[in-house]
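First comes the structure, then the notes that go with it.
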Amino acid sequence: PGIDLEVTGIDFLKSQNSHLHHTDAYHMESLVVRRGQAFQLQLSFNRELKAADKLVLCFGIGKRPMKIRWTLISLNPRREQDPSEWQISIIKNSGKECLLSVISSPRATVGRYTLNVKTGTNIYKPKNNAVYLLFNPWCEADVVFLADEAQRKEYVLNDTGYIYVGSAYNIYGRPWNFGQFEEFVLDACMYLLDKSKLKLSNRTDPVFVSRAMSALVNANDDRGVLLGNWSGNYSNGTSPTDWIGSVSILQKYYKTKKPVCYGQCWVFSGVLTTVMRCLGIPSRSVTNFSSAHDTEENLRVDIYLNELGEKLNSISLDSIWNFHVWNDVWMKRMDLPAGFDGWQAIDSTPQELSQGIFQCGPCPLKAIRDGDVYLPFDSKFLYAEVNADKVYWVVKNVNGKDKYIRISTETQGIGMNISTKAVGQNKREDITAQYKYPEGSREERKAMQKASSFIRPSGMVPRARFASTLPMGHMASEPRVLHEAVSKTGLQLEITNTEALYPGNPLELAITVKTSTPGSWTINLAGSCQLQSYTGKVEASLGYVKETIKLEGKSEMQVPLKIAADEYMKTLALVEDEVFILITAIAEVQGTDEKLTKETTMSFEYPPITVQMPETAKLNKDFSCAFIFKNKLNVPLDNCKLLVEGLGIFKKSVFDEGHVKPGRIIKSEIICTPTRLGEKKIIAKLISTQIKGISAEKAVTITE
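For the sequence shown, the positions run 357 to 1060 when our numbering is used.
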């Protein structure tokens, strides 16, 4: 008898495999490959491999790998077909070396496998025997297959991007580092998969995986990644506005295994995009402007104003957020009837329980658009976020009692300018048409009727926290008014700012009242200016205007509304969130029952950060990058911090700049050592007690 065959070494051929599998950017020692695609392994033996020799490669996953559960895959190159749908073949056998090709099943469980090689009675365990298997958008047989290469580059491989914030009338992109390839990020995702308690057989399916991750990115129920906080007090954690990417959040979570403080919707979405892209599921962060919340699935948000046109926080149960950010993930829905493949919405911001825990989706965009709100998961909730109606009520004091008067219903103000980063370009793409048909179109009405038959309609009764004080009126359900009543006066309102909105300057605003039909009209106008956070919560009422104006025929009048800087600067310094300027106007035409409301949200404008650095740099060669900021405002900025991060160039750093007086210029420099080729982005963000919203970015191309 000859010598027993023994394996003396194994080469995972990491650089060639990871290049072919688009995994070369992962910061990992181990091999990372995608399912349903061939990878090669080079085995070395103590002697030549002969036809009679037994050779089996065992890939195991989970605590107790078992063949019966497909969690132990035993591959024998001499055997024809393996029932597991995995394939193995000998490519080349010469001398003591043998080159093998392994193709995993496109339906394999995703996660961390360990490899052992059996030769007869000997078992060889490589020193680093982990192989990470991911979803594969390049493989046609994988349910996450995405045909377009430019889209795969964006939605799977791009590790930077933007998350759109602001308001429907004033959208800006916040640069965000997704960083799915950075150190410990894949490990953190594997830890989350194990923590999800998903059966290994369900870890083959992106529907289960994306739903589980929407639950695990928030800390509710399961001590997941991020703790949400909308209180305005973040003293024992990081304020949600201070993050510039997902990497430090996931690294900290992986290290401590404790929820990281604090997140708000764009942070939850940024982290969920990172987790999805890291696992190989195409994903994008999506922003819905004027997003309806807590409507109890009745497709209506009630907004209460006082007689000055000021929004009242205390009464409303439901709210309209300036913006809300969730995610779309790309997959085939084998669990649904045909026609619902493609983009699915998921949301990791903890808002509403779904099957007992804070998770949301996946729900096909097509189901939202067509009003198929009986389809899983959470389609009613998502449908309401983009399609609810706004109903305005004025609360008037009549003989010491509050009386609620309905002034208008707006059917088009919610779910506007739904936005994501464009494929391959640093600009915004409007994807509203993927979520809803054009307002007022036949298809939209059909979808609305279908949805309304599954969502309980409610009568036009104000739903306030103190419902007992209300005149209950008739409870009958009113059909939704599709066409606004034809106006006698052609009354219109416009809200503008006449000067730039710099913190420290007075806010110069104007309300323009227009009429367009013959006759003399007397109009009672009330307009107010308030500061609100992005969730629609009023932080301060700054001032109002109340006038009666007369207009003849087709004419207009501009009514100024001016707020002194002292009226709002205190609030800016007290509130830890970024705040928006909310202007609301109510007009009533005397002698008619015509009433109109109009509201607009505006953002403050800030001086820019300038980033100075070369356009190109060489791999592993240092270069310097400078950040310059001049305080052009009339007010000093306290506790200034400059946050900077450049993936593949330098780790996140913080410069404390202290107190920056008006006119002062600050300049910070960082020495960069690029470790990866290609276009890399540097992100900078300036935060202070008064302002939170200044960010800048610059790209540099790294060459050999």
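Virtual Cβ for every residue (Gly too), placed ideally from N, Cα, C.
Being a predicted model, the structure only gives us computed values, none of them experimental.
- Taking a contact as a CB-CB distance under 8 Å, the pair R391 and C545 does not count as one, their CB atoms being some 15 Å apart.
- Three or more Cβ pairs drawn from the segment 528 to 545 and the segment 370 to 386 lie within less than 8 Å of each other, which places the two stretches in contact.
- In chain order, C885, Q886, L887, I919, E923 and Y924 place their CB closer than 7 Å to the CB of L898, counting only its own chain and leaving out the 5 sequence neighbours on each side.
- Looking only at R403, L431, V412 and S461, the smallest Cα-Cα distance to S450 is reached by R403.
- Three or more pairs of CB atoms, one per stretch, sit closer than 8 Å, so the segment 664 to 684 contacts the segment 619 to 630.
- Taking C-beta separations shorter than 6 Å and ignoring five residues to either side along the sequence, the partners of Q790 in its chain run L721, following chain order.
- Between I1005 and T630, the alpha-carbon positions lie close to 19 Å from each other.
- In the DSSP assignment, C719 forms a beta bridge with A701.
- Shown here for K1007: same chain residues with a beta carbon closer than 8 Å to its own, the five before and five after excluded, namely E1001 in chain order.
- With a minimum length of 3 residues, the unbroken runs of beta strand (DSSP E) contained wholly in the segment 923 to 981 fall at 935 to 945, 951 to 958, 965 to 968 and 972 to 974.
- Rounded to the nearest whole angstrom, the CA to CA distance from I605 to V616 is 7 Å.
- Around the beta carbon of Q805, fewer than 16 other beta carbons lie within 10 angstroms, which makes this residue exposed.
- If you compare the alpha carbons of I879, K614 and G892 with that of S911, the shortest gap goes to I879.
- DSSP places G727 outside both helix and strand once states are collapsed to three, so it counts as coil.
- If you draw a straight line from the Cα of R801 to the Cα of I774, it comes to about 20 Å.
- When DSSP states are grouped into helix, strand and coil, H378 belongs to the coil group.
- Per DSSP, A1055 is one residue of the beta strand (DSSP E) stretching across I1050 to T1059.
- Counting C-beta pairs closer than 8 Å gives fewer than three between the segment 501 to 517 and the segment 427 to 443, which falls short of the contact rule.
- Taking C-beta atoms under 8 Å as the contact rule, A866 and Q914 qualify, at a distance of about 5 Å.
- Under the three-state reduction of DSSP output, G712 falls in the coil class, being neither helix nor strand.
- In this structure, DSSP gives W622 a helical state, which the three-state scheme calls helix.
- Judged by DSSP in its simplified three-state form, A497 adopts coil rather than helix or strand.
- The continuous beta strand (DSSP E) containing K448 extends over residues Q443 to S450.
- Rounded to the nearest whole angstrom, the C-alpha separation of W532 and I1038 is 10 Å.
- Excluding the 5 residues flanking it on each side, R798 has no same chain C-beta neighbour closer than 7 Å.
- Contact between D674 and V657 holds, since their C-beta atoms are separated by about 5 Å, short of 8 Å.
- For F645, there is no enclosing alpha helix (DSSP H); the enclosing beta strand (DSSP E) has its first and last residue at S639 to H649.
- In the displayed model, L1003 falls within coil according to three-state DSSP, outside both helix and strand.
- Here H1015 is exposed: its Cβ has fewer than 16 other Cβ atoms, across all protein chains shown, within 10 Å.
- DSSP, reduced to helix, strand and coil, places D658 within a strand of the structure shown.
- Residue pairing from DSSP places K918 in a beta bridge opposite E864.
- Pairing Q398 with L455 gives a Cβ-Cβ distance under 8 Å.
- Less than 8 Å divides the Cβ of A524 from the Cβ of M772.
- Using a Cβ distance threshold of 8 Å, S764 and K951 count as a contacting pair.
- For L549, the enclosing alpha helix (DSSP H) has its first and last residue at V541 to K551.
- Counting only runs that start and end inside the segment 468 to 536, the beta strand (DSSP E) elements of at least 3 residues fall at 478 to 480, 486 to 490, 516 to 523 and 526 to 533.
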